[in-house]
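Visitor:
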């Protein structure tokens, strides 16, 4: 099973509908769909929520509501609480990146919860006492308080990254083989001589410069085809010019 | 110098003041302070911006505005453009985590820019043609479109993480040395015998269970002191009870 399906995001009495909506969107971006609200306020701004959730409003629609945090996590194995404050009994905190593999492992066998406090106060010691893990999100010392939905995003992102489910885009064209690159450089050498950019005795020097420029990063077969096309055209043009000059 | 001071976040014609404000806050959380707006709209909602920026409004106050992206990045070495779409000419994209060390290295010698398009359309091919690097933020295939400020946050977070400037909280109390742990287990063995929880012949078995429980994670000196206090008290209580029973 997909451990992300076993992970719930628990928001304790969030103040702003916009943050709840942005939380839904961040969850959907990162493949987490279970949202639990603890003691939700009756005056949550639903218009703002809907606007910020954008295409992820279903996550709010399918939310669970519980009157207390204890009830929201009663069936969870791992319960991770997030905190920006670092007082007594919070010193065993670790970062989302450090916890992520551990949380995923736990979520393979039981439900796991990541818990976020209200925007103004964060999680109380009472809330944290229900948590088996404490999460501290990296930030500068001068401003440790993150927006609620940003905090959710960073945790969800680290879980999604650690799940190995993201397949980065891959270039359709493979890296050009050496033989093809060499044909390209040979054509460029001829082209640069033909158009009079360099003289025979300077050619090796200049070609080493060009090799450096074109070896800074990956060069795909498609890249090489473009570069060979340019050289070809330059050779043709200078040939035509020579013909007409004769 | 701190390479984060050489990195600018460039927002091209953002639509919503709230997103610009949340961007400022995310930047301040992650130690990046230079904000550039390209062709900003005159009707940006400043109240929303101020509310979402929270304590980071200074970053907006100190922003630079430029009419075009070309002008916004004219003095930058590395220019990284973010995109959710992955068509032709975007296939050499890499993730924020993959680019981060490279961006920091470049930012040690020259200004570097991370560029984000408007909320509704993202960066155009014209914008991307000014970028020397393409950034793709990991997300599920089913919902690749991130909120603007969330996208900024993930990029800023990866840069801050890669900068090595975050010092995670450390426990004030060191991990308990073996000798102290053994004294604790000896006291617990006596306590559990004294209160009649186990009999002599089951003691080793039970103590192995207790050792397992208390060895699941780090056990600090402070933790051991608490556990020793409990055992001590249990020994005292059962002693008192025995005295009174005699």
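Protein chains in written order, with the numbering used here: chain A, 1 to 246; chain B, 247 to 492. Glycine included, every Cβ here is placed at the ideal spot set by N, Cα and C. All of these numbers come straight from a predicted model, not from anything done at the bench.
#1: Is there a Cβ of chain B sitting closer than 9 Å to that of residue 241 of chain A, yes or no?
#2: How would you label residue 459 of chain B, buried or exposed, when you count the other beta carbons within 10 angstroms and need 16 or more for buried?
#3: In terms of alpha-carbon separation, which member of A/181, A/110 and A/238 lies closest to residue 197 of chain A?
#4: Residue 472 of chain B: buried (16+ other C-beta within 10 angstroms of its C-beta) or exposed?
#5: Quick test of the definition: if touching needs 3 or more C-beta pairs under 8 Å, does the region 214-234 of chain A touch the region 182-202 of chain A?
#6: How many Å lie between residue 285 of chain B and residue 301 of chain B at the Cα?
#7: Would you say residue 62 of chain A faces chain B, with C-beta separation under 9 Å as the test?
#8: Quick one: what's got a C-beta closer than 7 Å to residue 425 of chain B's C-beta in the same chain, skipping five residues either side?
#9: Which one of A/116, A/4 and A/157 has the shortest CA to CA distance from residue 134 of chain A?
#10: Taking residue 276 of chain B as the reference, give the member of B/255, B/282 and B/466 with the closest Cα.
#11: Along chain A, in chain order, which residues have C-beta atoms closer than 7 Å to that of residue 277 of chain B?
#12: Can you check whether the C-beta of residue 34 of chain A is within less than 9 Å of a C-beta belonging to chain B?
#13: By DSSP's criteria, residue 135 of chain A is part of a beta bridge. Which residues make up the other side?
#14: Taking only the alpha-carbon atoms, compute the straight-line gap between residue 101 of chain A and residue 333 of chain B and give it to the nearest angstrom.
#15: Name, please, each residue of chain A whose Cβ falls closer than 9 Å to the Cβ of residue 414 of chain B.
#16: What does a CB cutoff of less than 6 Å around residue 280 of chain B pick up in its chain, not counting 5 residues either side in sequence?
#17: What whole-angstrom Cβ distance do residue 272 of chain B and residue 395 of chain B have, given they're in contact under 8 Å?
#18: Per DSSP, what are the beta-bridge partners of residue 113 of chain A in this structure?
#19: Just to confirm, is the Cβ distance from residue 464 of chain B to residue 428 of chain B under 9 Å?
#20: Who are the neighbours of residue 406 of chain B on chain A, taking C-beta pairs under 7 Å?
#21: Where does residue 36 of chain A fall in DSSP's three states?
#22: Quick one: Cα of residue 339 of chain B to Cα of residue 430 of chain B, how far?
#23: Quick one: does residue 82 of chain A have its CB under 9 Å from some CB of chain B?
#24: Once you ignore the five residues that flank residue 410 of chain B on each side, which residues in its own chain have a CB closer than 6 Å to its CB?
#25: Use the C-beta contact count for residue 242 of chain A: other C-beta atoms within 10 angstroms, 16 or more gives buried, fewer gives exposed.
#26: Looking at C-alpha atoms only, which residue of B/456, B/423, B/479 and B/282 is the closest neighbour of residue 440 of chain B?
#27: Under DSSP, the alpha helix (DSSP H) around residue 457 of chain B begins and ends at which residues?
#28: Counting C-beta neighbours from all protein chains within 10 Å, is the total for residue 208 of chain A 16 or more, i.e. buried, or is it exposed?
#29: Return the chain-ordered list of same chain residues with a C-beta closer than 7 Å to the C-beta of residue 331 of chain B, the five sequence neighbours on each side being excluded.
#30: Using the C-alpha atoms, what's the distance from residue 393 of chain B back to residue 137 of chain A?
#31: Straight-line CA distance for residue 103 of chain A to residue 75 of chain A?
#32: Thinking residue 127 of chain A and residue 69 of chain A are a contact (beta carbons under 8 Å), I'd like their distance in whole angstroms, please.
#33: What are the start and end residues of the alpha helix (DSSP H) that includes residue 71 of chain A?
#34: Using the Cα positions of residue 319 of chain B and residue 377 of chain B, report the straight-line distance between them to the nearest angstrom.
#35: At which residues does the beta strand (DSSP E) containing residue 65 of chain A begin and terminate?
#36: Taking 9 Å as the CB-CB cut-off, is residue 332 of chain B touching chain A?
Guide: Let me spell this out:
#1: So, not an interface residue.
#2: Residue environment analysis places residue 459 of chain B among the exposed positions, since fewer than 16 neighbouring C-beta atoms fall within 10 angstroms of its C-beta.
#3: For the residues A/181, A/110 and A/238, the minimum Cα distance to residue 197 of chain A belongs to A/238.
#4: Looking at its Cβ environment, which holds fewer than 16 other Cβ atoms inside 10 Å, residue 472 of chain B is exposed.
#5: Contact between the region 214-234 of chain A and the region 182-202 of chain A is present: 3 or more CB-CB pairs across the two stretches fall below 8 Å.
#6: If I take the Cα positions, the gap works out to 25 Å.
#7: Cβ-Cβ to chain B under 9 Å: no for residue 62 of chain A.
#8: Here residue 425 of chain B has no same chain residue with a Cβ atom under 7 Å from its own Cβ, once five neighbours each way along the sequence are excluded.
#9: For the residues A/116, A/4 and A/157, the minimum Cα distance to residue 134 of chain A belongs to A/116.
#10: That would be B/255, whose Cα lies nearest to the Cα of residue 276 of chain B.
#11: Residues of chain A passing the Cβ test: 140.
#12: Not a single C-beta of chain B is nearer than 9 Å to the C-beta of residue 34 of chain A.
#13: Beta-bridge pairing links residue 135 of chain A to A/82 and A/94.
#14: Distance from the CA of residue 101 of chain A to the CA of residue 333 of chain B, rounded to the nearest whole angstrom, comes to 32 Å.
#15: Using a Cβ-Cβ cut-off of 9 Å, residue 414 of chain B is close to 93, 94, 95, 98, 136 and 138 of chain A, given in chain order.
#16: Contacts found: 254.
#17: That pair is a contact at about 6 Å.
#18: Among the bridge pairs identified by DSSP, residue 113 of chain A is matched with A/8 and A/79.
#19: Going by C-beta atoms, residue 464 of chain B is not nearer than 9 Å to residue 428 of chain B.
#20: Chain-ordered, the chain A residues with CB closer than 7 Å to the CB of residue 406 of chain B read 138.
#21: Three-state result, residue 36 of chain A: strand.
#22: Roughly 55 Å between the two C-alpha positions.
#23: Not an interface residue.
#24: Excluding sequence neighbours, residue 410 of chain B sits near nothing in its chain.
#25: Classification for residue 242 of chain A: exposed.
#26: Just measuring C-alpha positions, the residue of B/456, B/423, B/479 and B/282 sitting nearest residue 440 of chain B is B/479.
#27: Taken as a continuous stretch (DSSP letters only), the alpha helix (DSSP H) holding residue 457 of chain B covers 449-459.
#28: Residue environment analysis places residue 208 of chain A among the exposed positions, since fewer than 16 neighbouring C-beta atoms fall within 10 angstroms of its C-beta.
#29: Excluding sequence neighbours, residue 331 of chain B sits near 368.
#30: Inter-residue distance for residue 137 of chain A and residue 393 of chain B is about 20 Å (C-alpha atoms, whole angstroms).
#31: A direct Cα-to-Cα measurement between residue 103 of chain A and residue 75 of chain A gives close to 15 Å.
#32: Their Cβ separation, rounded to whole angstroms, is 5 Å, which keeps residue 127 of chain A and residue 69 of chain A in contact under 8 Å.
#33: Looking at the DSSP string, the run of the alpha helix (DSSP H) that includes residue 71 of chain A is 69-72.
#34: Cα to Cα, the separation comes out at about 9 Å.
#35: Counting along the chain, the beta strand (DSSP E) containing residue 65 of chain A begins and ends at 64-66.
#36: It does: the Cβ of residue 332 of chain B has a partner Cβ on chain A nearer than 9 Å.
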